[in-house]
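Numbering (the UniProt record's numbering), first residue to last: 1 to 70. Don't be surprised by glycine CBs; every beta carbon is placed ideally from N, CA and C. Keep in mind that this is a model prediction, so the values were computed, not measured. Note sheet for the following structure.
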């Protein structure tokens, strides 16, 4: 959706994120009555895939969001 960021992603990383998101959406569609901890586990799983890729993108020259590193 935000093309300026999408253009900075490696195509393989973009594909990995898209697959993870599509998988999470599919899981949500099939597990609407899941317990809160199941949703939290799925969120952590998705973050585990996406966060390293996003961090790599920002380290690769994109302007940092916010302040200093954690």
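In the same chain as residue 38, and ignoring 5 residues on each side of it, the C-beta atoms closer than 8 Å to its own belong to 31, in chain order. The three-state secondary structure of residue 9, taken from DSSP, is coil. Considering only 16, 15, 27 and 8, the residue with the shortest C-alpha distance to residue 43 is 27. Rounded to the nearest angstrom, the gap between the Cα atoms of residue 51 and residue 10 is 14 Å. Take the alpha-carbon of residue 46 and the one of residue 17: they are about 9 Å apart. Look at residue 31 here: in three-state DSSP terms it is coil, with no helix or strand label. Approximately 21 Å separates the beta-carbon atoms of residue 8 and residue 48; this is outside 8 Å, ruling out the contact.
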